[in-house]
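Trainee: Sharing a structure with you now.
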Amino acid sequence: MQVGDTIYLDYQASTPVDERVLKVMNAASTALFANPHSADHVLGWRAGAAIEAAAHQVANLFGLQGDDVIFTSGASESNAMAIHTAVEVGRASQRTELLIGVADHGSILTEAKICPLDVRKIPVDNRGAPNSRCLDGMITDVTALVSIIGVNNENGAIADLKDIATICRKKGVLLHVDLAQAPLAMDIDLLELEVDFATISAHKLYGPKGIGALLTGPGVSDLVKPVIVGAGQQAGRRGGTMPTELIVGFGEACELVKDSGLAERARVSAIRDRFVKILQEKQIASLIGSQECRHPGNALLRFPGQNASELLGRLQPQIAASTQSACASGSIEPSHVLQAMGYDKMIAAECIRFSFGRYSTIEQADAAVAVLENAFEAA
Numbered sequence: 001m002q003v004g005d006t007i008y009l010d011y012q013a014s015t016p017v018d019e020r021v022l023k024v025m026n027a028a029s030t031a032l033f034a035n036p037h038s039a040d041h042v043l044g045w046r047a048g049a050a051i052e053a054a055a056h057q058v059a060n061l062f063g064l065q066g067d068d069v070i071f072t073s074g075a076s077e078s079n080a081m082a083i084h085t086a087v088e089v090g091r092a093s094q095r096t097e098l099l100i101g102v103a104d105h106g107s108i109l110t111e112a113k114i115c116p117l118d119v120r121k122i123p124v125d126n127r128g129a130p131n132s133r134c135l136d137g138m139i140t141d142v143t144a145l146v147s148i149i150g151v152n153n154e155n156g157a158i159a160d161l162k163d164i165a166t167i168c169r170k171k172g173v174l175l176h177v178d179l180a181q182a183p184l185a186m187d188i189d190l191l192e193l194e195v196d197f198a199t200i201s202a203h204k205l206y207g208p209k210g211i212g213a214l215l216t217g218p219g220v221s222d223l224v225k226p227v228i229v230g231a232g233q234q235a236g237r238r239g240g241t242m243p244t245e246l247i248v249g250f251g252e253a254c255e256l257v258k259d260s261g262l263a264e265r266a267r268v269s270a271i272r273d274r275f276v277k278i279l280q281e282k283q284i285a286s287l288i289g290s291q292e293c294r295h296p297g298n299a300l301l302r303f304p305g306q307n308a309s310e311l312l313g314r315l316q317p318q319i320a321a322s323t324q325s326a327c328a329s330g331s332i333e334p335s336h337v338l339q340a341m342g343y344d345k346m347i348a349a350e351c352i353r354f355s356f357g358r359y360s361t362i363e364q365a366d367a368a369v370a371v372l373e374n375a376f377e378a379a
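If you count the sequence shown from 1, position 184 lands on 184 in full-length UniProt numbering, and the numbers rise without skipping.
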């Protein structure tokens, strides 16, 4: 995707809204403007029915049912709900511990800091994914919840969800997975995996910002503790008037991923691989982590001897990319994800995350390589 003079290579921070999603959102804003909780007239019924249909679209992408979807304002709220739920489960069962991934998203790390449970962090493996072997030895009788990131937002590493879910199930511990980055990286059947809670976000899969969901597995929906209580909407699981247009757009975005996700992943991966290969052959950059079990659009690259922030500054306005996740962008501290992988602060400060997506092309990737070459020559 190119916006004016800028090649967009920051799809893991946010994806552009697909035109097909915008179309259904515009139609909903015209015809479905009524409060979906208005139970006394037909316009309210229609808005409510549209939300129910969208919930089925979202759930279908993950092997679930519409009732398993709790709509939220986004991934951060969904992650907060998972931590709040862990606290309540702990109080009810005398479990005092929360296990989270050391390389988890900042919203989980921040919520964990302020929760009353004892928090321990699961190390990463050599790919930068949660280490399932370490997790197996960490779970105890007082563990209330295990929370891990399914696809890392910085290094792109895909967790072994089947292994992790099996470990948690065997030990009788609830599992929450942050899947915000996952829909564009792999097929997911949460029912088959037996994951208890999962976080998703619309703007990571070509839907609108401001809408996400916490997905619930069988038998755990009643455990959910909302961050926003409101007036008891969504069966008391999350308060507040539901934003019909955003939810309809979210549903359409999920439907599009369901229909064409496999082919899209292959195409995006080929573009990413070409970009990485050329930069490595020119000895400009090297890939951090393995290309196996990785988000197809992710290219976390090290530029030896270059300060990443300064290099990105020289790339403006031609390339949009990030030194780390968008939530931590501008931080003076190098990426906690890279440090969790064993890289020191100097190496972490030399890394840039480029991420490709639906509207990326080979021509854009090649043009980005040329811009990087010019930036090095001008340095």
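Don't be surprised by glycine CBs; every beta carbon is placed ideally from N, CA and C. This structure is a prediction, so every number in the text was calculated from the model and none was measured.
1) Taking just the CA atoms, how far does residue 57 sit from residue 170?
2) Taking the C-alpha atoms as reference points, what is the distance between residue 18 and residue 253?
3) Please state if the CB of residue 224 and the CB of residue 54 are separated by a distance shorter than 8 Å.
4) Find the nearest neighbour of residue 283 within the set 296, 303, 267, 319, judged by alpha-carbon distance.
5) At which residue ranges does the stretch 207-290 contain complete alpha helix (DSSP H) runs of 4 or more residues, listed in the order of the chain?
6) Going along the chain, which residues of its own chain have a beta-carbon closer than 6 Å to the beta-carbon of residue 160, five neighbours each way excluded?
7) Which of the three DSSP states is assigned to residue 13 in this structure?
8) What separation, rounded to the nearest whole angstrom, lies between the Cα atoms of residue 234 and residue 70?
9) Let me know the secondary structure DSSP gives residue 44 once reduced to three states.
10) Quick one: Cα of residue 239 to Cα of residue 263, how far?
11) Is residue 86 closer than 8 Å to residue 149 when the C-beta atoms are compared?
12) From residue 228 to residue 123, what distance separates their C-alpha atoms?
13) Less than 8 Å between the C-beta atoms of residue 157 and residue 120, yes or no?
14) According to the Cβ coordinates, are residue 166 and residue 197 closer than 8 Å?
15) Alpha carbon to alpha carbon, how far is residue 144 from residue 90? Give it in angstroms, no decimals.
16) Any idea which residues DSSP pairs residue 176 with across the strands?
17) Would you please state the rounded distance, in angstroms, between the beta carbons of residue 73 and residue 210? I believe it to be under 8 Å.
18) Take the Cβ of residue 36 as the centre, count every other Cβ of all protein chains shown within 10 Å, and call the residue buried at 16 or more, exposed below.
19) Sort 265, 232, 205, 164 by Cα distance to residue 251 and report the nearest one.
20) Take the Cβ of residue 68 as the centre, count every other Cβ of all protein chains shown within 10 Å, and call the residue buried at 16 or more, exposed below.
21) Specify whether the stretch 361-369 and the stretch 1-10 touch according to this definition: at least 3 beta carbon pairs, one from each stretch, less than 8 Å apart.
22) Starting from residue 166, trace the alpha helix (DSSP H) in both directions and tell me its first and last residue.
23) Rounded to the nearest angstrom, what separates residue 318 and residue 364 at their Cα positions?
24) CB-CB under 8 Å to residue 412, same chain, minus the five flanking residues each way: which ones, in chain order?
25) With distances taken between CB atoms, is the gap from residue 151 to residue 173 smaller than 8 Å?
26) Identify the residues that DSSP records as bridge partners of residue 6: which are they?
Mentor: To lay it out plainly:
1) By one-based count along the sequence shown, residue 170 stands at place 170. By one-based count along the sequence shown, residue 57 stands at place 57. For residue 170 and residue 57, the distance between alpha carbons rounds to 31 Å.
2) On the sequence shown, position 18 is the one that residue 18 refers to. On the sequence shown, position 253 is the one that residue 253 refers to. Rounded to whole angstroms, residue 18 to residue 253 spans 8 Å at the Cα level.
3) Residue 54 sits at position 54 when you count from the first residue of the sequence shown. Residue 224 sits at position 224 when you count from the first residue of the sequence shown. No, these two residues do not count as a Cβ contact at 8 Å.
4) As a first step, residue 283 must be located in the sequence shown, where it is residue number 283. The shortest Cα separation from residue 283 among 296, 303, 267, 319 belongs to 303.
5) Scanning the stretch 207-290 from its first residue to its last, the whole alpha helix (DSSP H) runs of 4-plus residues come out as 244-281.
6) Looking up residue 160 in the sequence shown gives position 160. Once the five neighbours on either side are set aside, the close Cβ partners of residue 160 are 132.
7) For the purposes of this step, residue 13 is taken as the residue at position 13 of the sequence shown. Note: residue 13 maps to coil in three-state DSSP.
8) Taking the sequence shown and counting its residues from 1, one reaches residue 234 at position 234. Taking the sequence shown and counting its residues from 1, one reaches residue 70 at position 70. Straight across, the Cα-Cα distance linking residue 234 with residue 70 is about 7 Å.
9) Numbered from its first residue, the sequence shown carries residue 44 at position 44. For residue 44, the three-state secondary structure derived from DSSP is helix.
10) Here the question's residue 239 lines up with position 239 in the sequence shown. Here the question's residue 263 lines up with position 263 in the sequence shown. Distance between the alpha carbons of residue 239 and residue 263: 38 Å.
11) Counting from 1 along the sequence shown, the entry for residue 149 is found at position 149. Counting from 1 along the sequence shown, the entry for residue 86 is found at position 86. Contact flag unset, no.
12) Mapped onto the sequence shown, residue 228 falls at position 228. Mapped onto the sequence shown, residue 123 falls at position 123. When rounded, the distance between both Cα atoms is 32 Å.
13) Position 157 of the sequence shown holds residue 157. Position 120 of the sequence shown holds residue 120. Not closer than 8 Å, so no.
14) Taking the sequence shown and counting its residues from 1, the one referred to as residue 166 is at position 166. Taking the sequence shown and counting its residues from 1, the one referred to as residue 197 is at position 197. For residue 166 and residue 197, no; Cβs fall outside 8 Å.
15) Along the sequence shown, read from residue 1 onward, the residue named residue 90 stands at position 90. Along the sequence shown, read from residue 1 onward, the residue named residue 144 stands at position 144. Taking the straight line from one Cα to the other gives about 5 Å.
16) To locate residue 176, count along the sequence shown from 1; it is residue 176. Residue 176 is bridged to 147, 197.
17) Taking the sequence shown and counting its residues from 1, one reaches residue 73 at position 73. Taking the sequence shown and counting its residues from 1, one reaches residue 210 at position 210. For a cut-off of 8 Å, the C-beta gap from residue 73 to residue 210 is around 6 Å, short enough to register as a contact.
18) For the purposes of this step, residue 36 is identified with residue 36 of the sequence shown, where counting begins at 1. Classification of residue 36: buried, given that the 10 Å Cβ count is 16 or more.
19) Translated into the one-based positions of the sequence shown, residue 251 becomes position 251. For the residues 265, 232, 205, 164, the minimum Cα distance to residue 251 belongs to 205.
20) Residue numbering aside, residue 68 sits at position 68 when the sequence shown is read from its first letter. So residue 68 counts as buried.
21) Proximity of the stretch 361-369 to the stretch 1-10 meets the contact definition, three or more beta-carbon pairs being nearer than 8 Å.
22) Taking the first residue of the sequence shown as position 1, residue 166 is located at position 166. Counting along the chain, residue 166 sits inside the alpha helix (DSSP H) bounded by residues 161-170.
23) Here residue 318 refers to the residue found at position 318 of the sequence shown. Here residue 364 refers to the residue found at position 364 of the sequence shown. In a straight line, the C-alpha of residue 318 is about 11 Å away from that of residue 364.
24) As shown, the chain starts at 1 and ends at 379. That puts residue 412 outside it, with no answer to give.
25) Translated into the one-based positions of the sequence shown, residue 151 becomes position 151. Translated into the one-based positions of the sequence shown, residue 173 becomes position 173. Cβ atoms of residue 151 and residue 173: not closer than 8 Å.
26) Position 6 of the sequence shown holds residue 6. In the DSSP output, where bridge partners are listed per residue, residue 6 has 3.
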